[in-house]
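Visitor: The sequence shown begins at 388 in the numbering used here and counts up by one.
Note that the Cβ used here is the ideal one computed from N, Cα and C, for glycine as well.
Everything numeric in this text was worked out from a predicted model, so none of it was measured.
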Amino acid sequence: MVFVGKLVCGDVIPSRRELAAELKVNLNTVQKAYSYMEDIGLICTEKNRLSKITSDLSVISELKKQYIKEPVIDFIRTMKSINTEKKEVIQLIDYYYDNFDEIYEGGEIDDTSKKLDEKI
388 MVFVGKLVCG
398 DVIPSRRELA
408 AELKVNLNTV
418 QKAYSYMEDI
428 GLICTEKNRL
438 SKITSDLSVI
448 SELKKQYIKE
458 PVIDFIRTMK
468 SINTEKKEVI
478 QLIDYYYDNF
488 DEIYEGGEID
498 DTSKKLDEKI
């Protein structure tokens, strides 16, 4: 939610009980999730107050890097395993990033992607 902009630094998040009720899960499950988010610095909770998203932008930035690290490494591993040159990988990333909305419309690969693929 933070990375996609639905929550921003300093936003108050629901109480543990509210969220457990909303999600229809055990309170302990939500408490574990909140404890984890506190441990990694994503949220802070003052005694007898609601939890808030951290105001520390460097924490958010570092967490975002950690979030994307594994998929990026997996992608690079795949590209290297098929002997794809770095220049070609960057060219492909640029192309698909720039044309993403046209290619991946509505959660599925659009048929126009075949036409676009022929261009690269």
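Look at residue 450 and residue 427 and say whether their C-beta atoms are less than 9 angstroms apart.
Guide: Cβ distance < 9 angstroms, so residue 450 and residue 427 count as in contact.
Visitor: Return yes when the Cβ of residue 438 is within less than 9 angstroms of the Cβ of residue 399, no when it is not.
Guide: Residue 438 is positioned such that its CB atom lies closer than 9 angstroms to that of residue 399.
Visitor: Measure from the alpha carbon of residue 393 to the alpha carbon of each residue in 440, 435, 454, then state which is nearest.
Guide: Proximity to residue 393 across 440, 435, 454 peaks at 440, based on C-alpha coordinates.
Visitor: What did DSSP end up calling residue 476 once you bin it into helix, strand or coil?
Guide: helix
Visitor: Taking DSSP as the reference, what is the three-state secondary structure of residue 440?
Guide: If DSSP states are grouped into helix, strand and coil, residue 440 belongs with the strands.
Visitor: Would you tell me roughly how many angstroms separate the C-alpha atoms of residue 460 and residue 492, rounded to the nearest one?
Guide: CA-to-CA, the gap between residue 460 and residue 492 works out to about 25 angstroms.
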